[in-house]
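In our numbering, the protein residues as written are 1 to 256.
This report refers to the structure that appears directly beneath it.
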Amino acid sequence: PENEDIQTIEFNNVYFKYPGTNEYILKGISFKIEKGKHYAIVGKNGSGKTTITKLLLRLYQVNRGEILINGKNISDYSIEKIHSFFSVVYQDYAKYAISVKENIGIGNLNYQTEARIKEVVEAVGLKSVIEDLPEGYNTPLGKVLKNGVDLSGGQWQRIALARTLMRENTLKILDEPTASLDPIQESNLYKNYGKIAKDSTTIFISHRLGSTKLADIILLIDDGKILSSGSHEELMREQGLYREMFCKQKEWYDEK
Ligand code: ADP
1 PENEDIQTIE FNNVYFKYPG TNEYILKGIS FKIEKGKHYA IVGKNGSGKT TITKLLLRLY
61 QVNRGEILIN GKNISDYSIE KIHSFFSVVY QDYAKYAISV KENIGIGNLN YQTEARIKEV
121 VEAVGLKSVI EDLPEGYNTP LGKVLKNGVD LSGGQWQRIA LARTLMRENT LKILDEPTAS
181 LDPIQESNLY KNYGKIAKDS TTIFISHRLG STKLADIILL IDDGKILSSG SHEELMREQG
241 LYREMFCKQK EWYDEK
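Here is the structure:
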């Protein structure tokens, strides 16, 4: 069907090493993603989180095991189809030298209604910033354009997040696009993002655990394996790595 969207994703015992290297980065990963739920993939830097998203976007092929989308092997879809399934934002998101409106609307060329743009801008906390720009939503962004206004790192990140919200039927992957924000700003942003993306499936990746409480299911990755999965409360009860990371980071979130 034309507008097929993702009902399920399954990783079945996936092993992966980057081409030209010998070390497995993913070592037998299995999990299932279901439509409409919010997932967080957490773990230390280098544990393999981003690699999982690269396999989902089929930038690489698995060495062993399989990835199924709606029950069908990921290699049996066209690349265009794969791209149509996902809205992704990485840390090194794109900054386009075009207007605010176009920067956000690029997320959905078929559906650039003003109302939707305003809604997503509000969700990412940019409403007042944009309204204060010389030409509002029509202000050109970036320094290369005449009259262009450059935004701060954190504001650009919010633009990139807004872009993913424009297409409603996609599965959203947020791979630490909030690195320029402090942990509390990140956690507030994800809260609002989650409200507007409530019916969309989302996977967000972080080594900061303040926002993982918002996820229905947390996948804890360590050294290329899934160490544990469950809700925040379940993982806290296990007295393992998740709890340890959470307690270490707790001071980032305490009211000063
Ligand atoms: P995380 O997202 O958890 O920080 P990554 O998935 O980015 O971790 O990386 C996992 C491991 O894979 C790291 O050791 C990293 O150095 C290695 N890696 C990432 N990209 C490549 C690549 N293109 N070629 C070889 N090794 C890579």
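Idealized CB from N, CA, C, for every residue including glycine.
Because the structure is a prediction, the values reported are computed rather than measured.
### Task
For Pro1, I'd like the list of residues in its chain whose CB is within less than 8 Å of its CB, leaving aside the five on either flank, ordered along the chain.
With a pLDDT of only 47 at Pro1, under the threshold of 50, the placement of this residue in the model should not be trusted; the figure read from the coordinates follows. Excluding residues within five positions, none has a Cβ falling inside 8 Å.
### Query
Alpha carbon to alpha carbon, what distance is there between Gly148 and Ser284?
What is shown of the chain runs 1 to 256, which leaves residue 284 out entirely.
### Task
Hey, could you find the ends of the beta strand (DSSP E) Arg64 is sitting in?
Segment Arg64 to Ile69, the beta strand (DSSP E) holding Arg64.
### Per-residue DSSP class, three states only, for His232
DSSP places His232 in helix when its eight states are reduced to three.
### Query
If we ignore side chains and look at the alpha-carbon of each, how far apart do Asn70 and Phe16 end up?
Per the coordinates, the alpha-carbon of Asn70 lies some 21 Å from the alpha-carbon of Phe16.
### Task
Check whether the Cβ of Asn45 lies closer than 6 Å to any heavy atom of ligand 3, and answer yes or no.
In the structure on display, ligand 3 does not appear, and the ligands it does have are ligand 1.
### Span separating the alpha-carbon of Leu220 from that of Tyr190
The straight-line gap separating the alpha-carbon atoms of Leu220 and Tyr190 is approximately 19 Å.
### Query
Just the Cα atoms here: how many angstroms apart are Ile67 and Ser30?
Straight through space, the alpha carbons of Ser30 and Ile67 are spaced by roughly 9 Å.
### Query
Comparing alpha-carbon positions, which option in Ile196, Thr51 and Glu131 lies nearest Ile25?
Closest by alpha carbon: Thr51.
### Message
Nearer than 6 Å: is that true of the beta carbon of Lys49 relative to any heavy atom of ligand 1?
### Response
True, at least one ligand heavy atom lies under 6 Å from that Cβ.
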